[in-house]
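Chemist: For reference, each letter of the sequence shown is one residue, going 1 to 684 in full-length UniProt numbering.
We put the beta carbon where it would ideally sit given N, CA and C, even for glycine.
In this text, all values refer to a predicted model and were calculated from it rather than measured experimentally.
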Amino acid sequence: MAVKVNPICATYLLDNPKELLECFSQGWTYPNRPILINKKYPYKLLYAISPDDFALQINDRISSAIQYQVKEACKRHKQNVKMYRVKPIDIAFLVDMLPVVVRDQHGKYHRAEINSINTEKKNVCVHFVDLGEDGWVAATTVYPPSTDLLRYPKLALLCRLAQVVPFGRMKKWRKYDYAKLFDAKKSSYFSISIVDRGVHQVYLECDKQDIGYKMVMNLGLADYVPLICEYNNNDGYANRAAKKMLGKYPRYDFCDWIGQQLAAFGTLVRRVGKNGHIKIHLQLDSNIMQVVNDMLDQLEKFPDYLKNSRDFAKEVGDAVLVRHGADKTKYRATIFQKSGSEYLVKLVDYGDFINVNENDLLLIPRMLVSVPEAATPCYLAELLAINPTKQTDKLADMLNELITEKDLYCRIGFVDYIDRQDPWDARKCIVTLEREEDGKPFSEILQVPKVNLSQSYTHRFPRVSESLAAMLLGSDSAYFPGVRYKGFVSCVVDHESVWLQLEGDDIRAEELTVELNDFYSKWSDCLKLDSDALVPGIYVGAQQNDEDDTRFYRALITEIFPDMKKYKVIFLDYGNNDVVPIGMMKPLPAYFCKDKCFAIQIALPLEFLPEANPDTFLEWIACLNNAEDLSVYIQDVDGINFGWIFSKETSIAHDVVRNNTHLVKLKIPCEKLPFEVEPQLLEF
Numbered sequence: 001m002a003v004k005v006n007p008i009c010a011t012y013l014l015d016n017p018k019e020l021l022e023c024f025s026q027g028w029t030y031p032n033r034p035i036l037i038n039k040k041y042p043y044k045l046l047y048a049i050s051p052d053d054f055a056l057q058i059n060d061r062i063s064s065a066i067q068y069q070v071k072e073a074c075k076r077h078k079q080n081v082k083m084y085r086v087k088p089i090d091i092a093f094l095v096d097m098l099p100v101v102v103r104d105q106h107g108k109y110h111r112a113e114i115n116s117i118n119t120e121k122k123n124v125c126v127h128f129v130d131l132g133e134d135g136w137v138a139a140t141t142v143y144p145p146s147t148d149l150l151r152y153p154k155l156a157l158l159c160r161l162a163q164v165v166p167f168g169r170m171k172k173w174r175k176y177d178y179a180k181l182f183d184a185k186k187s188s189y190f191s192i193s194i195v196d197r198g199v200h201q202v203y204l205e206c207d208k209q210d211i212g213y214k215m216v217m218n219l220g221l222a223d224y225v226p227l228i229c230e231y232n233n234n235d236g237y238a239n240r241a242a243k244k245m246l247g248k249y250p251r252y253d254f255c256d257w258i259g260q261q262l263a264a265f266g267t268l269v270r271r272v273g274k275n276g277h278i279k280i281h282l283q284l285d286s287n288i289m290q291v292v293n294d295m296l297d298q299l300e301k302f303p304d305y306l307k308n309s310r311d312f313a314k315e316v317g318d319a320v321l322v323r324h325g326a327d328k329t330k331y332r333a334t335i336f337q338k339s340g341s342e343y344l345v346k347l348v349d350y351g352d353f354i355n356v357n358e359n360d361l362l363l364i365p366r367m368l369v370s371v372p373e374a375a376t377p378c379y380l381a382e383l384l385a386i387n388p389t390k391q392t393d394k395l396a397d398m399l400n401e402l403i404t405e406k407d408l409y410c411r412i413g414f415v416d417y418i419d420r421q422d423p424w425d426a427r428k429c430i431v432t433l434e435r436e437e438d439g440k441p442f443s444e445i446l447q448v449p450k451v452n453l454s455q456s457y458t459h460r461f462p463r464v465s466e467s468l469a470a471m472l473l474g475s476d477s478a479y480f481p482g483v484r485y486k487g488f489v490s491c492v493v494d495h496e497s498v499w500l501q502l503e504g505d506d507i508r509a510e511e512l513t514v515e516l517n518d519f520y521s522k523w524s525d526c527l528k529l530d531s532d533a534l535v536p537g538i539y540v541g542a543q544q545n546d547e548d549d550t551r552f553y554r555a556l557i558t559e560i561f562p563d564m565k566k567y568k569v570i571f572l573d574y575g576n577n578d579v580v581p582i583g584m585m586k587p588l589p590a591y592f593c594k595d596k597c598f599a600i601q602i603a604l605p606l607e608f609l610p611e612a613n614p615d616t617f618l619e620w621i622a623c624l625n626n627a628e629d630l631s632v633y634i635q636d637v638d639g640i641n642f643g644w645i646f647s648k649e650t651s652i653a654h655d656v657v658r659n660n661t662h663l664v665k666l667k668i669p670c671e672k673l674p675f676e677v678e679p680q681l682l683e684f
C-alpha cells in the first residue's frame, strides 16, 4: 500500500484491490452530507431527467468548502497516482457501489461509485457523486481512491419530487412546466421532507412568478411498492438500483399527531404476507373523504369529460379513477400491475386491492390527485408483541368484524419501521384502538395484555434504540476539517472536554426544544422513569435547576449520585450540564432523535508535561465561557474531535504553549491557519 503523509494526518492510497474491498465491506464509502429534516437550503440544479430523477447541490458556504477541498484532494491524488505508478483497478475486483476515482478525457480526476460492469466490453457505468450524473467509462480509467478523498461528503443529492400543487392556493390548475421550475435561479430553496432509500424527497420553492408552484412533502406512511428503475444504457444511464416508490397522492406524516386521540373510521383488515403482522387501514381525517366525495359529485356534472377520459397512457404507478361494483362507483386508485387489458389497482382511500378491466379506468383530474390518501395503513400496538405466526386467520376475521366500517377512537403511539428489519420498507403508524360506542379498548376485546403506550414512544423504554442513539452522538459529523466556524463556548469541563455551539445551531436547538416541550404538554399518560433502570448512557428529557426555566431539553445521563438520588446530565443541544433529581426527567421519545445534537464536544490540542498540573489551567480555560468573537475549526484524529479555537485571528492553543513552553505543548501539529470559507461557490 502506497503511503503519503501530510502534516496533519496520514493519507493512504488504497491501491491494493483486496484491501480496498475489505475497507468497502467495513463501510468505507463516500459519506452523504448530513442535512436536517424540514430545514430550508439554497440549491443549484446539477442535472434533471424527470421530476422523479434529478440531482441538486446545496448552494451554501459548506458546499463551497467541500468543493474546494475535494478539488485540491483530487489534484493531490493525481500526483500520487503518477508518483507511485498506481494502476487502474482490475475489472474483476469492481463491485456495485464501490468508491473509485475516474480519470476523464481531460486528465482530471472525479470521485465516483460503481453502478454496473460490462465485462465483455470492459466498460463500467459509474455514478459521479459530486456531479450527480451517471455515465459509462472505460475500465482502464477507474482508479482506487485514497482515505483523503473518502473523508469528504458527496456534493450531489439525488432527489425526487412528491406532488405539485398551485402556489398560493390557486383555484385553477395549469400544465406544469418542470423545465422552468428546475431553471429557477432566483431565491430558490429546497427542504428535506424525508431522507430515505438513498434518494431525497424534497420540497422545491422559488419566487419566480411565471412558475408559481410549491412542492408538497410526501412522507410515505402508506404502502409504497419499490420498483427497480432501469435506464437505457444507450442514453448513458444504467440501473442505479434506485428504488422508486409508487403513488402520486400526497400522504400525511402523523409524527406530529403522536400521543393524540383521533376519531377514526376503519376500512380494511388484512395480513402482510403469509406469516406477517395483521395490518389495518384507518381513515384518520374525515375531511379528506368529504372533499373527495364533493369533487366526484362535481365531476358527474361533466358527462363529456367522463365519456372522453378513457384514451390515455396507463402505466404502473399512475393515479387513476376506477369504476367498480354493480353501480360502477368511482374510486381514486393507483395502478400496481397490468396484464393485457386487466389491471391490479389499490383504492387509496380504503386500502383494498382490486382487479379491473381497462374499460373501467378513467383519467383522473389533477384536483383529485392533489388530495391526500384517506386510508392510512396502521399496526395495532396490542398485536406487535405477539409472534406474527400466531396471529391467526380467526383473529384477523375477528378484527375485521370490529374495525371494518366502524367508528373508532385511535391513539398514535409512534411512526417507525416494523421490526426494523427491512430498510426498504415504508414507515408505518403504530396505534391503539377503542370502540367509539363504549370506549372499550381492543386489548380487552382481544384478550391480549394491555399495552403501555409510553413504551411505544421510546421504542425501547426508557432507552432510545441503539441506531437512534448513534445518530445523536455518532459518526458523520456535520462539521468538516479545514473549515472555520463561528460559535461560542457552552461549557468547559477540562481541556479534553469543551462544549461548543456553532453559528446557526443555536436557532435549530431552540426550534427542537420548543417542539419537544409541545409534545410533552400533550403526553398526558407519560409514566415516571424507574430509578433502577437509569444508568449512565440513557437519553432522557431533563429540566435545569432554574426556577425561571421549566422547559425540558434533550439530555444524556453521565453520572449517578445514589446518596443524593440525583443524576448528572449533559444537555445535548446546548452543551451545559447539571445535577437533577428523577422528578425533573422524562423518557425521551425516539422521534426526537431525528436530529443530531446541536452542541459539539471537542478537546483542545494540548498535552501537559509531567511537571505541569492541569488544574492550574482550568481557570484560564474557563474564561472561554465569556469570550466573544470566537471561531473554531475541528480536526478528527483517531476518533477525537480536536478543536482549534481562535479569538479574532489568534490561536488560543498557540498562545498557551507560547506562554508556558515548560509546562505544555501542542498535541497535534497545525502548520498553517485553516481554509477560510468564501461565500461564493468555487467551481471545478
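Taking C-alpha atoms, which residue in 295, 364 and 633 lies nearest to residue 322?
Modeler: It is 364 whose Cα lies nearest to the Cα of residue 322.
Chemist: Just to confirm, are residue 374 and residue 295 a CB contact at a threshold of 8 Å?
Modeler: Cβ atoms of residue 374 and residue 295: not closer than 8 Å.
Chemist: Can you give me the C-alpha to C-alpha distance between residue 149 and residue 607, rounded to a whole angstrom?
Modeler: One C-alpha to the other measures close to 29 Å.
Chemist: To the nearest angstrom, how far is it from the Cα of residue 355 to the Cα of residue 330?
Modeler: Between residue 355 and residue 330, the C-alpha separation is close to 14 Å.
Chemist: For residue 392, is the classification buried or exposed, using 16 other Cβ atoms within 10 angstroms of its Cβ as the cut-off for buried?
Modeler: The residue is exposed, with fewer than 16 neighbouring Cβ atoms inside 10 Å.
Chemist: Applying the 10 Å Cβ sphere with the 16-neighbour rule, what's the burial state of residue 140?
Modeler: When all chains shown are included, residue 140 counts as exposed.
Chemist: Could you compute how far the alpha carbon of residue 519 sits from the alpha carbon of residue 585?
Modeler: Using only the alpha carbons, I get a separation of about 14 Å.
Chemist: What's the gap between the Cα of residue 286 and the Cα of residue 292?
Modeler: Cα to Cα, residue 286 sits roughly 10 Å from residue 292.
Chemist: Would you say the region 434–445 touches the region 392–408, given that touching needs at least three Cβ pairs under 8 Å?
Modeler: Yes, the region 434–445 touches the region 392–408.
Chemist: Kindly list the residues whose CB is nearer than 6 Å to the CB of residue 33, restricted to its own chain and excluding five residues on each side of it in sequence; keep chain order.
Modeler: For residue 33, where only same-chain residues beyond five positions count, the Cβ hits under 6 Å are 153.
Chemist: So residue 126 and residue 132 are supposed to be a Cβ contact under 8 Å. How far apart are they, rounded?
Modeler: No, residue 126 and residue 132 are not in contact; Cβ-Cβ is about 12 Å, not under 8 Å.
Chemist: By DSSP, does residue 609 sit in helix, in strand, or in coil?
Modeler: Coil, per DSSP.
Chemist: I need the DSSP call for residue 45, collapsed to helix, strand or coil.
Modeler: Here residue 45 sits in strand by DSSP.
Chemist: Checking 8 Å against the spacing of the C-beta atoms, do residue 603 and residue 490 come in under that value?
Modeler: The answer is no: Cβ separation not under 8 Å.
Chemist: Should residue 111 go down as buried or exposed, given a rule of 16 or more other Cβ atoms within 10 Å for buried?
Modeler: Result: buried.
Chemist: Would you identify the three-state DSSP class for residue 520, choosing helix, strand or coil?
Modeler: Reduced to three states, the DSSP call for residue 520 is helix.
Chemist: Report back the beta-carbon spacing between residue 689 and residue 576 to the nearest angstrom; my notes put them in contact at under 8 Å.
Modeler: The requested residue 689 is not part of the displayed model; the chain covers only 1 to 684.
Chemist: For the beta strand (DSSP E) that contains residue 83, what are its first and last residues?
Modeler: No beta strand (DSSP E) contains residue 83, which is instead part of the alpha helix (DSSP H) from 61–83.
Chemist: Distance check for residue 565 and residue 55, CA to CA, integer angstroms please.
Modeler: Spanning the two alpha carbons is a distance of roughly 53 Å.
Chemist: At which residues does the beta strand (DSSP E) containing residue 494 begin and terminate?
Modeler: Its beta strand (DSSP E) spans residues 485–494.
Chemist: Measuring only the C-alpha atoms, how far is residue 312 from residue 357?
Modeler: Cα-Cα distance, rounded: 14 Å.
Chemist: Is residue 546 buried or exposed, if buried means 16 or more other CB atoms sit within 10 Å of its CB?
Modeler: Residue 546 should be labelled exposed.
Chemist: Any idea which residues DSSP pairs residue 408 with across the strands?
Modeler: Beta-bridge pairing links residue 408 to 264 and 435.
Chemist: For residue 448, which of helix, strand or coil comes out of DSSP?
Modeler: In the structure shown, residue 448 sits in coil (DSSP, three-state: anything other than H, G, I, E or B).
Chemist: Buried or exposed: which applies to residue 486, given that a residue is buried once 16 or more other Cβ atoms fall within 10 Å of its Cβ?
Modeler: Its Cβ having fewer than 16 others within 10 Å, residue 486 is exposed.
Chemist: Taking only three categories from DSSP, how would you classify residue 220?
Modeler: Its pLDDT being 23, under 50, residue 220 is placed unreliably in this model, and the value from its coordinates should be taken loosely. Note: residue 220 maps to coil in three-state DSSP.
Chemist: Distance, Cα to Cα, residue 561 vs residue 531?
Modeler: Taking the straight line joining both Cα atoms gives about 11 Å.
Chemist: Assuming residue 588 and residue 540 form a contact by the criterion Cβ under 8 Å, report the distance between their Cβ atoms to the nearest whole angstrom.
Modeler: With a Cβ gap of about 5 Å, residue 588 and residue 540 count as contacting.
Chemist: List the residues that DSSP assigns as beta-bridge partners of residue 324.
Modeler: For residue 324, which the question treats as bridged, DSSP gives the partners 329.
Chemist: Evaluate residue 85 with the Cβ neighbour count: other Cβ atoms within 10 Å of its Cβ, from every protein chain shown; 16 or more gives buried, anything less gives exposed.
Modeler: Per the 10 Å Cβ criterion, exposed.
Chemist: Between 284, 89 and 146, which has its C-alpha nearest residue 29's C-alpha?
Modeler: Residue 29 has its Cα closest to that of 146, out of 284, 89 and 146.
Chemist: Taking a contact to mean a Cβ-Cβ separation below 8 Å, would you say residue 567 touches residue 609 in this structure?
Modeler: Result no, Cβ atoms of residue 567 and residue 609 do not sit closer than 8 Å.
Chemist: Residue 138 by DSSP, collapsed to three states: which one?
Modeler: The answer is strand: DSSP assigns residue 138 an E or B state.
Chemist: What is the DSSP secondary structure of residue 102, counted as helix, strand or coil?
Modeler: Note: residue 102 maps to strand in three-state DSSP.
Chemist: Where does residue 16 sit, in a helix, a strand or coil, going by DSSP?
Modeler: DSSP places residue 16 in coil when its eight states are reduced to three.
Chemist: Residue 514: buried (16+ other C-beta within 10 angstroms of its C-beta) or exposed?
Modeler: With fewer than 16 Cβ atoms within 10 Å of its Cβ, residue 514 is classed as exposed.
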